[in-house]
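Below is one structure, written out as structure tokens; the observations come after it.
In UniProt numbering, the protein residues as written are 1 to 181.
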């Protein structure tokens with residue numbers, strides 16, 4: 001056997017071409033992955049909020065009492081300023097804030113890095129019949145690049161996700177009314 005047949009390796013030129021091809025593929029695909037990751041964070045947080053709304057409604061029906069769901073910073077009091085979680089509590093006296101720690105049913109971490117959340121009311125309250133008390137409510141979630149999702153709760157306590165009605169890539173609350181992030 002010749003020495004050339006025993007030395008089975010790659011040449012420097014082959015290695016440089018491989019590195020160039022791999023780096024080109026990565027430079028094209030990495031921005032797409034970051035968009036995918038941000039989209040998954042938005043979907044995950046939207047689903048978490050949706051489950052929290054369903055939990056609040058079912059707890060109100062199960063307990064036969066008023067239950068409130070609100071945005072919170074600390075998991076103990078309602079606060080709309082830079083919320084990081086949802087607070088679910090029994091609200092028999094209907095103050096919109098837990099008066100004792102024993103009233104707190106659950107606090108749900110919701111806000112993932114890079115997302116902002118808002119609710120168009122101070123809180124979402126369910127009656128013992130499972131209806132949302134008062135008016136319709138809307139949770140709005142926005143990413144850093146201004147993509148968004150919206151959960152709309154009716155006065156009957158039903159929830160729906162906002163969708164892209166006209167195919168322009170923007171999620172809309174109603175036809176022609178896109179989410180503003």
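Every residue, glycine too, gets a C-beta built ideally from N, C-alpha and C. Keep in mind that this is a model prediction, so the values were computed, not measured.
In the three-state scheme derived from DSSP, where H, G and I count as helix and E and B as strand, residue 114 is classed as coil.
In the three-state reduction of the DSSP assignment, residue 31 falls in the helix class, which pools H, G and I. Distance from the CA of residue 123 to the CA of residue 177, rounded to the nearest whole angstrom, comes to 23 Å. In this structure residue 127 touches residue 60 by the C-beta definition: roughly 6 Å separates them, less than 8 Å. Within the same chain, 38, 41, 143, 144 come within 7 Å of residue 114 by CB-CB distance, once the 5 residues on both sides are set aside. Leaving aside the five residues that flank residue 109 on each side, the residues in its chain whose CB is nearer than 6 Å to its CB run, in chain order, 85.
Taking a contact as a CB-CB distance under 8 Å, the pair residue 162 and residue 152 counts as one, their CB atoms being some 6 Å apart.
Between the C-alpha atoms of residue 173 and residue 102 there is a straight-line separation of about 36 Å. Residues of the same chain with a CB within less than 6 Å of the CB of residue 32, apart from the 5 flanking positions on each side, do not exist. When the beta-carbon positions are compared, residue 94 and residue 57 stay at least 9 Å from each other. Excluding five sequence positions before and after residue 166, the CB atoms of its chain that fall closer than 8 Å to its own CB belong to 172, 175, 176, given in chain order.
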